[in-house]
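Numbering (the numbering used here), first residue to last: 283 to 612.
Cβ atoms here follow ideal geometry from the backbone N, Cα and C, with glycine treated the same way.
Structure record follows, encoded as structure tokens.
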């Protein structure tokens, strides 16, 4: 099979997975109740969801600008914001991490520093994944859904303990990976599992790990500042949009639930298994919020509202794409 054939096959599989997940979700929904949920929704909150999502994209652009500046690569925030929204546009077709290749191409053309942009994007994604996962684990420890689902069970302590162990292991791993002394050893260890894989995948894996190594000498102040911006990104932007989307759909659930849901959906959404994260988000919301007595139609409506925010950013991305095309900007 040719490379083009493989790409078409992969895209077809992702469409099939997306379709299958959405069919399952809608099979769980009473359409009459869903129409009622739409009618009773507090739609003024929808504007707030879109505005906060735009703010989230801008915060991510400022963070990327800060990371790039560390490597003496100066790109203005407007260009980074435009590239981020155009990435949202292409994510309608190219799922998860694959769509970020579009962003890399735009920033590479803008700066002429492809390797610097690549290392900055990898570090940016890595820091966001780590903070998202850490906040998700912390929220699970505090909220402990096991106690709610199985109030009389003797193993209620198991989930918080397991999440605590994973959280400590994650933080220790990140510390060692970014430490200027131990980081090289950790990266060399991480390269070992790549050896049985095909040569192309091995090389890509090594390249990614080598790009992360660029930031091992950045200093703790730099990592602290990135962490603070990412925290603002995660808690205000990411979780905030989930809370506002829930309010739009008349969903009342504990805030911590939205923290680990947002983190989990974000991490899974990085995997190229569906289109525009459709299906994964809806299945997760309908499935997990049901345990908190949230009606399935309302949970599905919340998922659609979150998707509409991505569509809104994609529309802004289309404006940037057309504008830059007219002006001849790369």
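- In the three-state reduction of the DSSP assignment, residue 553 falls in the coil class.
- For residue 435, there is no enclosing alpha helix (DSSP H), as DSSP gives it neither H nor E.
- Using a Cβ distance threshold of 8 angstroms, residue 327 and residue 567 do not count as a contacting pair.
- Taking 4 residues as the minimum length, the alpha helix (DSSP H) runs contained wholly in the stretch 522-586 are 537-551, 562-571, in order along the chain.
- With respect to the 8 angstroms criterion, residue 468 and residue 454 are not classified as neighbours on the basis of their beta carbons.
- Residues 460 of the same chain have their beta carbon placed closer than 7 angstroms to that of residue 505, with the five preceding and five following residues left out of the count.
- Between residue 409 and residue 343, the gap from beta carbon to beta carbon reaches 8 angstroms or more.
- Rounded to the nearest whole angstrom, the CA to CA distance from residue 583 to residue 352 is 42 angstroms.
- Comparing C-alpha distances from residue 595 to each of 489, 372, 470 shows the shortest one belongs to 372.
- About 19 angstroms separates the beta carbon of residue 384 from that of residue 555, a gap too long to meet the 8 angstroms contact definition.
- The Cβ neighbour count for residue 551, taken over all protein chains shown within 10 Å, is at least 16; the residue is labelled buried.
- Setting aside the 5 residues that flank it on each side, residue 393 is surrounded in the same chain by 355, 357, 399, each with a C-beta closer than 7 angstroms to its C-beta; the list follows chain order.
- Of 287, 348, 321, 339, the smallest CA-CA separation from residue 497 is found for 348.
- With the rule of 3 Cβ pairs closer than 8 angstroms, the stretch 561-580 counts as touching the stretch 312-327.
- One Cα belongs to residue 339, the other to residue 330, and the distance between them is close to 14 angstroms.
- Rounded to the nearest whole angstrom, the CA to CA distance from residue 370 to residue 602 is 12 angstroms.
- Assigned with DSSP and collapsed to three states, residue 397 falls in helix.
- For a cut-off of 8 angstroms, the C-beta gap from residue 449 to residue 420 is around 6 angstroms, short enough to register as a contact.
- The C-alpha of residue 406 is placed about 10 angstroms away from the C-alpha of residue 412.
- Listed in chain order, the non-local C-beta contacts of residue 395 below 7 angstroms within the same chain comprise 355, local neighbours out to five positions each way being set aside.
- Taking the Cα of residue 540 as reference, the smallest distance to any Cα among 325, 562, 571 is reached at 571.
- Close CB contacts of residue 304 within its chain, under the 6 angstroms cut and outside five residues either way in sequence, are with 561 (chain order).
- Under the DSSP assignment, residue 334 falls in the alpha helix (DSSP H) whose first and last residues are 326-352.
- The straight-line gap separating the alpha-carbon atoms of residue 444 and residue 425 is approximately 14 angstroms.
- The distance from the Cβ of residue 484 to that of residue 476 is about 5 angstroms, consistent with a contact at the 8 angstroms cut-off.
- Counting along the chain, the unbroken alpha helix (DSSP H) around residue 505 starts and ends at 502-513.
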